[in-house]
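Asks:
In our numbering, the protein residues as written are 626 to 805.
1. So does the stretch 767 to 786 actually touch the stretch 795 to 804, counting three or more Cβ pairs closer than 8 Å?
2. Looking only at its own chain, which residues have a Cβ that is under 7 Å from the Cβ of residue 682, when we skip the five neighbours before and after it?
3. If contact is defined by three or more beta carbon pairs under 8 Å, each pair taking one atom from either stretch, is the stretch 757 to 775 in contact with the stretch 695 to 712?
4. Pairs of beta-carbons, one from the stretch 714 to 726 and one from the stretch 740 to 750, closer than 8 Å: are there three or more?
5. My understanding is that residue 779 touches residue 751, with C-beta atoms under 8 Å, so please give their C-beta distance in whole angstroms.
6. Whole angstroms is fine: what's the gap from residue 666's alpha carbon to residue 674's?
7. Between residue 692 and residue 733, which are expected to be in contact by the criterion C-beta below 8 Å, what is the C-beta distance as a whole number of angstroms?
8. Taking the alpha carbon of residue 761 as the point to measure from, which residue in 694, 672 and 726 has its own alpha carbon closest?
9. Which value, in whole angstroms, describes the spacing of the CA atoms of residue 770 and residue 721?
10. Contact defined as beta carbons within less than 8 Å: I believe residue 695 pairs with residue 741. What is the distance between those atoms, to the nearest angstrom?
11. Have a look at residue 637 and residue 648 and give me their C-alpha separation to the nearest angstrom.
12. Measuring alpha carbon to alpha carbon, tell me which residue in 628, 642, 765 and 641 is nearest residue 719.
13. Can you give me the C-alpha to C-alpha distance between residue 626 and residue 640, rounded to a whole angstrom?
14. Around the C-beta of residue 628, are 16 or more other C-beta atoms found within 10 angstroms, so that it is buried, or is it exposed?
15. Residue 677 to residue 671, Cα distance in whole Å?
16. In this structure, does DSSP put residue 661 in helix, strand or coil?
17. Between 701, 774 and 632, which lies nearest to residue 739 when the distance is taken from Cα to Cα?
18. Could you tell me whether the Cβ atoms of residue 689 and residue 703 are closer together than 8 Å?
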């Protein structure tokens, strides 16, 4: 029975490790969301404090950039990092830097989406990148370019909703394209 006890203890330890990993990921996401939200100006904080949060958020997302990695999950993190860095630049009126980062994010997400069309999170983030980038182009008076991104984003979300019609995130993002 020593073998059974050992297997039981190993299974218990593995379950605890998985729970710990899940909790750690939740904590990272919560902290990231707080820092990024403040950095983007979603909280009512003085500009010097917002700039500090922005600088920290920028460093965090830059640490994620590994677009040359063969690992799709690291490429995905890089794409989300570039998109968020773009949003940070956009929030400070740094449109040229924002545009460069949006282009990088979209290129990575397009590649990931074509390599693994079943991975809906790639297309969801690609659609969202089109939405936020279209807003930058519209603000810059580049309405025709913005319209192309809007049309592509709508198409992405309609395809996603055809596969999973009850996904509230997809519905909300599609609505954002029509509300802008």
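We treat Cβ as the ideally placed atom computed from N, Cα and C, and that holds for glycine. This structure is a prediction, so every number in the text was calculated from the model and none was measured.
Replies: In terms of the structure at hand:
1. yes
2. 660, 661, 664 and 713
3. With a cut-off of 8 Å, the stretch 757 to 775 and the stretch 695 to 712 count as touching, because enough Cβ pairs lie within range.
4. no
5. By a beta-carbon distance limit of 8 Å, residue 779 does not contact residue 751. Their separation comes to about 12 Å.
6. 10 Å
7. 6 Å
8. The shortest Cα separation from residue 761 among 694, 672 and 726 belongs to 726.
9. 15 Å
10. At roughly 13 Å, the Cβ-Cβ gap does not stay under 8 Å, so residue 695 and residue 741 are not in contact.
11. 17 Å
12. 765
13. 21 Å
14. Residue 628 should be labelled exposed.
15. 10 Å
16. helix
17. Residue 701 is the option with its Cα nearest to residue 739.
18. Cβ distance < 8 Å, so residue 689 and residue 703 count as in contact.
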